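What follows is a single structure, written as structure tokens, with notes after it.
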Amino acid sequence: MTQVLLGENEGIDSALRRFKRQVSKAGILADVKYHRHFETPLEKRKRKAVAARRKRRFK
2 MTQVLLGENE
12 GIDSALRRFK
22 RQVSKAGILA
32 DVKYHRHFET
42 PLEKRKRKAV
52 AARRKRRFK
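Residues are numbered in the working numbering as their position in the sequence shown, beginning at 1, plus a constant of 1.
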């Protein structure tokens, strides 16, 4: 779980920026998108293209 503690004189904007950075580093949003129930056709094509590229690279 991502958690941000506010400093004594820290503004909410900087804390929000730190939170967003921590969430992106942890890969939480990518994981949520991956486990989403519905996948649009565009997302499906992109996912398959990336998988094919990885497969070709490690072959």
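A virtual CB, placed ideally from N, CA and C, is assigned to each residue, including glycine. Just so you know, these numbers come straight off a predicted model, no measurement behind them.
**Prompt:** Do the CB positions of Thr3 and Val33 come within less than 8 angstroms of each other?
**Reply:** Going by C-beta atoms, Thr3 is not nearer than 8 angstroms to Val33.
**Request:** May I ask you to report which of helix, strand or coil DSSP gives Val51?
**Result:** Reduced to three states, the DSSP call for Val51 is helix.
**Asked** What residues in its chain sit with their C-beta under 7 angstroms from that of Phe20, if we drop five residues either side in the sequence?
**Response** Counting only Cβ-Cβ distances below 7 angstroms, and skipping sequence neighbours, we find Thr3, Val5.
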